[in-house]
Every structure is written in C-alpha cells, then in structure tokens.
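Student: In UniProt numbering, the protein residues as written are 1 to 605. Ideal Cβ placement from N, Cα and C applies to all residues, glycine included. All values derive from a computational prediction rather than experimental measurement.
(1) Quick one: is residue 62 buried, meaning 16 or more other Cβ sit within 10 Å of its Cβ, or exposed?
(2) Is it buried or exposed, residue 187, if we count other Cβ atoms within 10 angstroms and call 16 or more buried?
(3) Could you name the residues of the same chain whose beta carbon sits closer than 6 Å to that of residue 72, not counting the 5 residues immediately before and after it, in chain order?
(4) Helix, strand or coil for residue 170? Go by DSSP, reduced to three states.
(5) So residue 246 and residue 466 are supposed to be a Cβ contact under 8 Å. How far apart are they, rounded?
(6) Excluding the five sequence neighbours on either side, which residues of its own chain have a C-beta within less than 6 Å of the C-beta of residue 207, listed in chain order?
(7) What did DSSP end up calling residue 552 once you bin it into helix, strand or coil?
(8) Looking only at its chain, what residues have a beta carbon closer than 8 Å to the beta carbon of residue 384, apart from the 5 residues adjacent to it on each side?
(9) Do residue 89 and residue 523 have their C-beta atoms within less than 8 Å of each other?
(10) Which residues in the same chain have their Cβ closer than 6 Å to the Cβ of residue 515, if we skip the five residues on either side of it in sequence?
(11) Pull up the CB-CB distance for residue 406 and residue 222, whole angstroms please, since I reckon it's below 8 Å.
(12) If you measure between the beta carbons of residue 342 and residue 318, is that distance less than 8 Å?
(13) Nearest by alpha-carbon distance to residue 477: which of 87, 169, 267, 45 is it?
(14) For residue 150, is the classification buried or exposed, using 16 other Cβ atoms within 10 angstroms of its Cβ as the cut-off for buried?
(15) Within 10 Å of its beta-carbon, does residue 374 have 16 or more other beta-carbons around it, so buried, or fewer, so exposed?
(16) Please name the residue, chosen from 38, 393, 260, 142, that lies closest to residue 273 on a Cα-to-Cα basis.
(17) What's the C-alpha gap between residue 16 and residue 503?
(18) So residue 389 packs on residue 275, CB below 8 Å; how close in whole Å?
(19) Mind reading off the beta-carbon distance from residue 411 to residue 468? Whole number of angstroms is fine, and I expect it under 8 Å.
(20) Could you give the residue range of the alpha helix (DSSP H) that holds residue 421?
(21) Taking just the CA atoms, how far does residue 498 sit from residue 387?
(22) Of the residues 252, 364, 154, which one's Cα is nearest the Cα of residue 675?
(23) Taking the beta strand (DSSP E) that residue 190 belongs to, which residues open and close that run?
(24) Output needed for residue 262: all residues of its chain with C-beta closer than 7 Å, excluding positions within five of it in sequence on either side, in chain order.
(25) According to DSSP, is residue 206 part of a helix, a strand, or is it coil?
(26) DSSP three-state call for residue 150: helix, strand or coil?
(27) What three-state label does DSSP hand residue 521 in the structure shown?
(28) If you run the structure through DSSP and keep just helix, strand and coil, what is residue 15?
(29) If you reduce the DSSP assignment to three classes, tell me which class residue 452 lands in.
(30) Can you grab the Cα-Cα spacing for the pair residue 236 / residue 249, in whole Å?
(31) Would you call the stretch 192-202 and the stretch 251-259 in contact, with 3 or more CB pairs under 8 Å?
(32) May I ask you to list the residues that DSSP assigns as paired with residue 158?
(33) Which parts of the stretch 203-289 are runs of the beta strand (DSSP E), unbroken and 3 residues or longer, counting only runs that do not cross its ends?
(34) At which residues does the beta strand (DSSP E) containing residue 364 begin and terminate?
(35) In chain order, what residues of the same chain have a beta carbon less than 7 Å from the beta carbon of residue 18, not counting five sequence neighbours either side?
(36) Starting from the Cα of residue 79, find the closest Cα among 520, 148, 513 and give me that residue.
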C-alpha cells in the first residue's frame, strides 16, 4: 500500500490536541456534575416551587415523559462526545493505514454489538459499549427523577402553664370582696381579640354548650370502641376522638391564642397542604368505674308536677337525692322524668386532695343498669398534638402524666354540673346518648357500660380542660411554658438520593471516560495529523465517516472493482477509479488541501 502523508503543520497538530482535550473535558464534566449534584442533595434538599411540584405529582404521565426525555438527551450528548473522540482517533489511524476490522469500529461508532466469535475481544468490547449505552438513560432517569421530599421547619412558641407557681398565685388571689381576680366573670359568651386573631367562646361550656360537652364524652367513648371518624369541635378547631385538654395552637389551631411561629422561615410562609406536631401541656383524668350492689344515694319523692308536653301522662317528679356518708354529704332536689332516671351524686372526700367520687343510681326504666361508683383524679399531661391540613383534624396523644399535678377546681366540677343538667333540663340525655352507642350491629361483648362511662367522663374533663385553657388565656393569666414542634410540608425535588443510584451512574460514566481516554491514547500514539483528504478504500477512513455520521450520498461511489471510470467529488477532491486492479487517483484543485494520493487497490475476486 502506498500512501502519501501531507506535510506536518504545527497549527493542525495543536488543533488536534485541543479537540481531544475539549471532548474529554466535556465527558469529564458529566461525573463531576453528578457528584456535585449528589453532594448538594445530601446537605440540603433541592426543591421545585410548590406549584411546580404539585403539577408534577398530579401529572405523573407527563412528569415521567419529561425526565425520560431529559435523560435520553443527556445520554445522547455524552455518546456524541464519545463518538467525536472516536472520529478523531479513526482519522489519525487512517493516515497510517491501520485497522483490519472496520465493522467492529463501525459498531462502536453506532453503539451496536458485534457478534463475531472470530473476533471475540472486539465483539466483547462492542457488546459492553452497547450495554452501557442502553443503561445510561436508565441510570440518568433513576438519579435525576425528582421524588416527594418531606421538608421540616421547627416551630417555637409558648402557652399558659397550669403548673407555673405564678399561675397559682394569681389563681388563688382574691379582691377585697373575696372575688377571684379575673378579667372575665360568670358564665357568658365572650369574644377574645389578640394581635393574631379573634375568637368567641362560652366561658361555662357545661351550661352554655351542654351538647358540645356530651358530644365530647360520646366521641371519647366511640374512640374506645374503634370508631375512626369521631370528632369534637372547639371554637374553630376540630379534634379527632378527644381534645386531650390541650389548647389548639399553630397554623391549624385557634389563631387568637397562638403565638407559635416558624423558627427560621418567613412568618408569611403558607402552604395549601401541611402537617405539624407540637409538644403541649394537656389535661386529662384517671377514671375508674366499678359496679356495686348498692348505692349511697337515697331518693325521696316530694311531689308530682304536671308539665306541658312532658312524658309520663304529662307529669314530672320533684325528688330529693341525698347522700350521707362519712366522706360524702349532699342533698339535692331535681325535677326528673316519671319514666325513670340515673341519678348522679358528686363528692370530694378530702377537700385538700383533688380526687373525686361520682355515684350513679338507676331507677324506673333504667333499673336494669348497675349501680356505679367512679373515682376521678384529674391530672396534667404532656401530649403531642398533631394537625393535618388534608383532613383539617387535630389529634392528640398523651405521652406522660405529671404525678401530683395541680388542676383548676373547675375541671371536675364540670362533671357534677353536666350530670345534673343531663337528668333535668336534658332528661337523661347523657346516659341515653351513651347507651345509644350499644347498637345491634356491634359485638355485644365489645360494649361495657362501666367502661363507656369511664371514657365519657374522661372526655368531659378533657373538653373542659381545653375550655379552661381558653378561659384563663383570655383572662391573661401569668405563667407560660415553651411549646416546640415541627411543621412538615411535602415538596417535590431531590434529597438524600440513594448512594446505589449514584454508584450505578458513576460506574457507567467512568467507563465512558475510560474509553474516551483510550481512544485519545490510540489516536495520539500514531503521531499522524488529521487531514481533510479522504481515502475511499481505507477501512479506518470508512469507520471515521461512520463515527462522524456519514450519511447517504456523502461517499458517492461504488466498491473497488465495480465502478466505471469517472470523477466523483469526495470531501472537496475528485476521485477517479479506473475499475481495474490498479489505482485510485484523488486530485484536488486546491493543492494546499490535498496532495495526489496513490493507493494500491486489491480488486475482490
């Protein structure tokens, strides 16, 4: 084979090296940017705007198409850069007339496998290249597809502390008329306004809102029976199950009472969907009810009174309910239904200890119910209050109770007054409501009358505890305790990407970079320049054309031994093939562009 090499040019040599450096540097940028991206996501989340994230989450089909197309584009760009290095290497090798395997290099240029067991090394190389090219899109998609990211922001604030000494000093202070020193007195509906909002609430819920109190007790009972959607409303907040005696604070609580704010975010930050959890002080009670064969309550009929629209032939009974024991004395007169009643009696055996006894004595149509004696001990609790914007519900979970804690006197008194109202104005409404939960569809063994009363009383006290916190906060009572928590919002972006996804992509990028460096070494090893002359019978020249994306018509002449004598334009030169075992002559008008090439051609037999 005879080949005339163009004269050396320092300018072209420099250009060749710079091209190698440029393409390899561009390929090196891919793993570097990948590492930078991954490192950034481990430090703090990279997030889309909330609106964009919501759109991506709501349109999974389009979202998948976007990230797949982006990953395909990144893969195509990377393989294009690799092909440019292959093109440079192939052209340099063509100047030396190298390569006996044009099909293998052509497969590499088009990222296709060469299945040829006679050339197993080259076949293996092309197969690996092909697999890498297929896996790159998947690897890019796996790493760069955004996911839902939970973003947390600390919440800080404070609330009224029922355990603070300054609160109790204020609570027990009285004026010269022996009246408690409070801003609000008596039972009324009061509107409280602060810098954060306004709220209207009853100061005595057991008289002004007995339905709300009874509902709180029933909700607590239903929760013990496994009902999932039972709720209690307090002002503008809705609790699931029971209130836990906490004051609703935070973005989903009662704004007028809340000074809970973000620790670092702008105070005006809002999201349409969010959750948060706060560690707060609550108020609950340890309640235990036992069946007893007898009751200390003694009932005496005073007179029967005719009442319009009353049951029992229009009659009601004025009765005396009396207790006279060593630790409990009371004598009450109530107007009750002639059908029957469940009479309550409420005692505090030791005036210095806030432990109480509740007695329930059935009569008339309720005579089949057992007598109950319930012990009640209100306690301060530490609770976790959680809010979900999606449901609009607050839930609470008692973490621990504070032993020997002090509670306001009104806590247990609410049970006494509610019980009295329930058998007079509301005609056994409390007991009837509890018994109504024992439906025929329930497992008869799942409902226990004593357990239901326990849950109801606990629900009353927790509801009263929440209202007392509202009442004393509105009275601007002293004594505060810190409130802490976390605000959570679901965003779309990147955070803590799995190292396995990173390792998978980096291994593929490392292989591509290694192949590019190998191509570079092979090209620079020849010491030949890249010129614009094209030899149509040289195998590497054909591979170079394939790597460069040579299309139909770019090499417009037949194979050696089959073409007619003619002049064919090839890359700026005229090629004349004599059609015989002999010479292919390339001529150019521009002598600076190419010299006369004389190549020996072997005509296929």
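Tutor: Looking at the coordinates:
(1) Under this definition residue 62 is an exposed residue.
(2) Burial state of residue 187 is exposed, judged by a 10 Å Cβ sphere holding fewer than 16 other Cβ atoms.
(3) Within the same chain, Cβ atoms closer than 6 Å to the Cβ of residue 72 are found at 137, the five residues on either side in sequence being excluded.
(4) Helix.
(5) Contact flag correct, Cβ pair sits at about 6 Å.
(6) Short of 6 Å from the beta carbon of residue 207, and not among the five residues preceding or following it, lie these beta carbons of its own chain, in chain order: 187.
(7) Any reading at residue 552 needs caution, since the residue's pLDDT is 39, under 50, leaving its predicted position unreliable; the model's value is listed next. Residue 552: coil per DSSP, three-state reduction.
(8) The beta carbon of residue 384 sits closer than 8 Å to those of 277, 278, 279, 280, 396, 397, 399, all from its chain and outside the five residues before and after it, given in chain order.
(9) Residue 523 is positioned such that its CB atom lies closer than 8 Å to that of residue 89.
(10) Closer than 6 Å at Cβ, skipping near neighbours: no residue.
(11) Wrong, their Cβ atoms sit about 31 Å apart, outside the cutoff.
(12) Cβ atoms of residue 342 and residue 318: not closer than 8 Å.
(13) Relative to residue 477, the option among 87, 169, 267, 45 whose CA is nearest is 169.
(14) Exposed.
(15) Classification for residue 374: buried.
(16) When the alpha-carbon of residue 273 is set against those of 38, 393, 260, 142, the nearest one is in 393.
(17) Spanning the two alpha carbons is a distance of roughly 33 Å.
(18) About 7 Å separates the Cβ atoms of residue 389 and residue 275, confirming a contact at the 8 Å cut-off.
(19) The C-beta distance from residue 411 to residue 468 rounds to 7 Å, short enough to fall under 8 Å.
(20) Residues 410-423.
(21) When rounded, the distance between both Cα atoms is 30 Å.
(22) Given that the chain is displayed from residue 1 to residue 605, the structure contains no residue 675 and the question cannot be resolved.
(23) Per DSSP, residue 190 belongs to the beta strand (DSSP E) from 189-194.
(24) The beta carbon of residue 262 sits closer than 7 Å to the beta carbons of 153, 155, 269, 487 from its chain, once the five residues preceding and following it are set aside; these are given in chain order.
(25) Residue state for residue 206 is assigned as helix, using DSSP reduced to three classes.
(26) Residue 150: strand per DSSP, three-state reduction.
(27) The answer is helix: DSSP assigns residue 521 an H, G or I state.
(28) Residue 15 falls in the helix class under three-state DSSP.
(29) Here residue 452 sits in helix by DSSP.
(30) Looking at the two C-alpha atoms, the distance is approximately 11 Å.
(31) Touching, per the Cβ criterion.
(32) Partner(s): 482.
(33) With a minimum length of 3 residues, the continuous beta strand (DSSP E) runs that stay inside the stretch 203-289 are 231-234, 237-240.
(34) Under the DSSP assignment, residue 364 falls in the beta strand (DSSP E) whose first and last residues are 356-364.
(35) Beyond the five residues adjoining it in sequence on each side, residue 18 comes within less than 7 Å, by CB distance, of no other residue in the same chain.
(36) Ranked by Cα distance from residue 79, the options 520, 148, 513 are led by 513.
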